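In what follows, a single structure is set out as structure tokens and then discussed.
Numbering (full-length UniProt numbering), first residue to last: 1 to 272.
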């Protein structure tokens with residue numbers, strides 16, 4: 001299982017690297033639209049939508065990726081701030097409300113859960129498009145920060161994990177794993193700042209802080225999807241990626257991490 005997971009992760013990182021630095025903007029847009037289509041369907045199934053409605057949700061998400069082509073001022077720091085606030089609300093929801101089974105929930109909760117996808121995922125996709133076009137190394141940087149956090153959390157959790165983080169949402173996550181993930185993300189944040197911005201101590205400290213904050217939001221995104229899976233009584237969002245489950249199992253942390261990363265580089269003066 002671990003070997004399959006690592007092989008899939010290596011392939012995905014290589015694919016993403018090539019697309020970030022070699023693909024034209026239209027090709028990258030088509031790639032993200034395909035991701036949105038499949039991710040939207042998986043989210044719809046976790047929301048217990050019928051198959052046609054899950055497909056419709058994916059199509060809506062994919063089509064909405066085209067909005068910045070007409071609304072060029074849509075992507076900016078205000079959108080990042082709104083997205084960060086939305087993910088913080090998700091965190092409060094998970095802490096305050098027990099993940100009861102969605103099939104026994106009131107009838108309005110299914111469409112509400114389903115359409116929460118749009119404010120949760122759209123900003124991250126839009127920022128990915130913007131970064132790939134104007135500052136591809138920053139898009140690679142945030143993906144590496146989040147990936148390092150995932151690897152660090154998995155490693156520390158397996159070796160030293162004892163105390164569960166939020167057992168009623170995700171029983172497998174531990175405080176030790178969280179600390180390992182934050183440490184790994186801080187290291188990658190520092191390295192990225194050193195490589196692309198210089199070795200000034202303030203720059204390095206800012207890079208480490210950016211890595212930690214991005215990793216915290218990535219964990220919130222991961223827990224949000226775990227919350228939905230618990231409500232839908234599913235182990236994975238799908239079986240598209242060998243060793244990883246569904247596409248959402250990879251995109252959840254990235255969707256929450258990218259907006260706070262963008263907000264961070266904007267307020268630090270690193271937004272290109």
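Yeah, the Cβ is synthetic: ideal placement off N, Cα and C, and Gly gets one too. Predicted model only: the values in this text are computed from it and were never measured.
Span of the beta strand (DSSP E), counted from its first residue to its last, around residue i
{"i": "residue 170", "result": "170-174"}
Cross-strand partners of residue i (DSSP beta bridge)
{"i": "residue 166", "result": "170"}
As assigned by DSSP and simplified to three states, the class of residue i
{"i": "residue 53", "result": "helix"}
{"i": "residue 76", "result": "coil"}
{"i": "residue 185", "result": "helix"}
{"i": "residue 158", "result": "helix"}
{"i": "residue 210", "result": "helix"}
{"i": "residue 197", "result": "helix"}
{"i": "residue 192", "result": "helix"}
{"i": "residue 229", "result": "helix"}
{"i": "residue 271", "result": "coil"}
{"i": "residue 10", "result": "helix"}
{"i": "residue 102", "result": "Note that residue 102 scores 49 on pLDDT, short of 50, meaning its location in the model is unreliable and no value can be drawn from it."}
{"i": "residue 85", "result": "helix"}
Endpoints, the alpha helix (DSSP H) within which residue i is located
{"i": "residue 68", "result": "Run containing residue 68: none; DSSP gives neither H nor E here."}
{"i": "residue 43", "result": "25-46"}
{"i": "residue 288", "result": "With the chain running from 1 to 272 in the structure shown, residue 288 is simply not present."}
Interface flag, residue i vs chain D, CB-CB below 8 Å
{"i": "residue 228", "result": "Reference to chain D is not applicable here, since this structure consists of a single protein chain."}
Any non-hydrogen atom of the ligand GDP closer than 7 Å to residue i Cβ
{"i": "residue 269", "result": "The ligand GDP is not part of this structure, which contains no ligands at all."}
**Request:** Could you name each continuous alpha helix (DSSP H) segment of 4 residues or more that falls completely within the stretch 115-154, going from the start of the chain to the end?
**Result:** 117-134
**Prompt:** Using 8 Å as the Cβ pair cut-off and three pairs as the minimum, do the stretch 179-186 and the stretch 146-154 touch?
**Reply:** yes
**Prompt:** So, do the stretch 87-97 and the stretch 131-145 have three or more beta carbon pairs nearer to each other than 8 Å?
**Reply:** no
**Request:** Report yes or no: do the stretch 37-48 and the stretch 163-174 share at least 3 C-beta pairs separated by less than 8 Å?
**Result:** no
**Touch test, the stretch 255-270 against the stretch 215-222, Cβ-Cβ under 8 Å, three pairs minimum** = yes
**Item:** Given 8 Å, three or more beta-carbon pairs between the stretch 121-135 and the stretch 22-38
**Value:** yes
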